[in-house]
Amino acid sequence: MDKFVIRGGEPLLGTVRVSGAKNAALPCMAAALLTDQPVILENIPQVRDIQTTRNLLAAMGAEVELGYGRAQHRTTIHCAKLNAPEASYELVKTMRASTLVLGPLVARCGHARVSLPGGCAIGARPIDLHIKGLESLGARITQEHGYVEATAERLKGAEIVFDKITVTGTEDLLMAATLAEGETILQNCAREPEVADLADLLNKMGAKIEGAGTPTIRVKGVSKLKGAKHRIIPDRIEAGTFIIAGAMTGGDLNIAGCDPSHLNALLSKLHEAGVKTKATSDSVRVMGDNPFTAADMSTEEHPGFPTDCQAQFMALTTQAEGTSIITENIFENRFMHAQELVRMGANIKIEGRRAVVRGKTPLSAAAVLASDLRASASLVLAALVADGETIIDRVYHIDRGYEHIEEKLKGVGAQIRRIGEMFPKKAAAVK
Ligand code: UD1
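The working numbering puts the last residue of the sequence shown at 690; the count rises by one with no breaks.
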């Protein structure tokens with residue numbers, strides 16, 4: 260298993276470029292299931308979850324073409340025939356977002372069999388809202404042997420109010436509704452930019468969607484969708500991670516190719532903590548030349564502070580003067596990075612969904628364990644300012660969602676190297 264070896268103490272200087280958003284690319288790839296024509300996606304990040312999705316779609320009978328050379332961030336997905344509308348446990352267990360194929364499959368094929376995701380390191384993460392929504396659209400759903408099976412002649416439009424805001428739940432039902440008969444109104448929807456990006460692609464494919472990015476989405480069902488070409492939005496979580504890295508290391512870092520309008524909650528929280536940034540239409544420069552102070556933060560659904568940046572923000576608060584209270588409202592068990600940060604010298608007490616971080620404490624290098632995708636990112640950030648050489652084990656978690664993070668960080672002055680087998684060698688498995 261790969262590890263990162265990081266020697267702390269270097270300020271990050273220069274320009275780092277943000278990749279396409281994994282969480283937008285995943286639903287857009289699933290959307291290709293809705294048509295028998297090719298869907299071309301650009302700005303696809305080279306991360307493990309994308310490869311898992313390629314494998315998942317290929318296993319159903321899709322032709323998944325990788326770009327080569329300079330075009331490797333492009334992929335064409337052609338679902339002319341889907342002979343096995345099924346997502347197996349083997350694939351779903353490594354990536355919960357595989358459940359995104361449920362809605363498109365039942366809408367296109369009239370039948371879907373998808374493994375239940377099971378437990379997850381950051382909490383229970385059920386898919387009851389996906390199931391309830393599809394039932395409202397007329398699908399018959401059974402659960403047996405750890406699989407959800409959905410069948411429907413043709414889905415029928417309906418009014419659906421989500422009991423709780425769910426990102427992939429909104430995306431799943433949005434995709435299903437595009438091919439339903441009649442109008443669907445989705446209420447209490449997730450407003451994440453990734454939902455709007457998916458709707459953009461679906462509209463290019465001939466769907467009739469209004470209101471994506473707001474709490475109410477209206478979809479007029481059509482009988483067929485066509486192929487389309489679409490560029491994935493920049494990854495706001497990767498951008499946020501680099502902004503925090505620049506601030507923590509006392510660097511001067513330009514984060515290029517991002518969309519600052521997606522980063523408002525993070526930027527305003529960083530400003531509250533005294534971090535200086537300057538934004539243009541597609542970049543953020545962070546100047547970490549002044550000490551920063553504690554700030555309380557609560558995660559919320561978009562446009563609130565993203566839970567996917569909570570762990571990274573916690574790493575920053577260990578280096579802020581004063582006490583910060585971090586409240587995690589989205590997931591019940593998303594503080595696993597805290598114990599590892601404590602092992603590096605941080606002063607953090609967990610009280611249920613609240614973490615009390617007392618700073619500033621010097622961090623010292625240690626051997627630490629990555630427990631999930633964003634937790635790993637917070638350990639990388641802590642290691643960048645720790646005294647000595649930190650070894651982070653299980654970096655396959657970070658490879659799920661960050662494209663070549665060690666190369667990007669090395670390019671702006673970090674002392675980081677990977678030991679063990681390099682990702683992505685298995686990419687050749689799918690043509
Ligand atoms: C997506 C993101 C993930 C991010 C999360 C919250 C993708 C691929 N992943 O995950 O990076 O951390 O949004 O911003 O886009 N819930 C239910 N029943 C359901 C569905 C969800 O109770 O059927 C609960 C979850 O347990 C959680 C909350 O709703 O407590 C929000 O989860 P959700 O928005 O669905 O997260 P994901 O879409 O899985």
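Using N, Cα and C, we set each Cβ at its ideal position, and we do this for glycine too.
Nothing here was measured: the structure is a model prediction, and the numbers come from that model.
Spanning the alpha carbons of Ala605 and Cys287 requires a straight line of approximately 39 Å. Beta-bridge pairing by DSSP links Leu445 to Ile419, Ile476. Boundaries cannot be given for Gln331, as no beta strand (DSSP E) includes it and DSSP labels it neither H nor E. Distances from the CA of Lys528 to each of Gln331, Ile424, Asp555, Thr429 were compared; the closest alpha carbon is that of Asp555. Classified as exposed, Asn342 has fewer than 16 neighbouring CB atoms from the shown chains inside 10 Å of its CB. Short note on Leu432: C-beta not closer than 7 Å to any heavy atom of the ligand UD1. In the three-state scheme derived from DSSP, where H, G and I count as helix and E and B as strand, Pro493 is classed as strand. The count of Cβ pairs closer than 8 Å, one atom from the segment 615–628 and one from the segment 566–584, reaches three, so the stretches are in contact. For Met319, the secondary structure class from DSSP, reduced to helix, strand or coil, is helix. For Met546, the beta-bridge partners assigned by DSSP are Asp511, Lys535.
With respect to the 8 Å criterion, Ile309 and Lys281 are classified as neighbours on the basis of their beta carbons. With respect to the C-alpha of Ala411, the residue from Glu440, Glu403, His404, Phe421 having the closest C-alpha is Glu440.
Linking Gly516 to Ile400 through their CA atoms gives a straight-line distance of about 42 Å. DSSP lists no beta-bridge partner residue for Gln569.
Around the beta carbon of Lys488, fewer than 16 other beta carbons lie within 10 angstroms, which makes this residue exposed. The alpha-carbon of Thr358 is positioned some 38 Å away from that of Glu531. The alpha-carbon of Val639 is positioned some 8 Å away from that of Ile265. Bounds of the beta strand (DSSP E) holding Lys262 are 262–266. Ser540 is classed as exposed because its beta carbon has fewer than 16 other beta carbons within 10 Å across all chains shown. Restricting attention to beta strand (DSSP E) runs no shorter than 3 residues, the segment 361–407 encloses them at 370–374, 399–403, ordered along the chain.
Per DSSP, reduced to three states, the secondary structure at Gln305 is coil, with no helix or strand assignment.
CA-CA distance, Arg677 to Gly273, rounds to 21 Å. A contact is defined here as three or more CB-CB pairs under 8 Å, and the segment 362–370 meets this definition with respect to the segment 426–437. Between the segment 314–321 and the segment 474–486 there are fewer than three inter-stretch CB-CB distances shorter than 8 Å, so the stretches are not counted as touching. Nearest to Glu269 by alpha-carbon distance, out of Ala642, Met595, Glu662, Tyr655, is Ala642. Rounded to whole angstroms, the gap between the alpha carbons of Arg659 and Leu325 is 18 Å. Residue burial is scored here from C-beta neighbours: Val420 has fewer than 16 other C-beta atoms within 10 angstroms and is therefore classed as exposed. Here the C-alpha atom of Pro550 lies approximately 46 Å from the C-alpha atom of Ile468. Checking the 7 Å criterion, the Cβ of Leu300 is out of range of every heavy atom belonging to the ligand UD1. For Gly581, the CB contacts under 7 Å within the same chain, skipping 5 residues up- and downstream, are Thr552, Ala553, Gly618 in chain order.
A Cβ-Cβ separation of about 5 Å places Cys448 in contact with Thr429 under the 8 Å criterion. With contacts defined by Cβ atoms closer than 8 Å, Ile496 and Pro565 form a contacting pair.
With a cut-off of 7 Å, the C-beta of Ile303 is classified as distant from the ligand UD1, since no heavy atom of the ligand falls inside that distance. By a beta-carbon distance limit of 8 Å, Thr335 does not contact Ile303. Their separation comes to about 10 Å. In this structure, DSSP gives Thr577 a state outside helix and strand, which the three-state scheme calls coil.
In this structure, Asp387 has its beta carbon less than 7 Å from a heavy atom of the ligand UD1.
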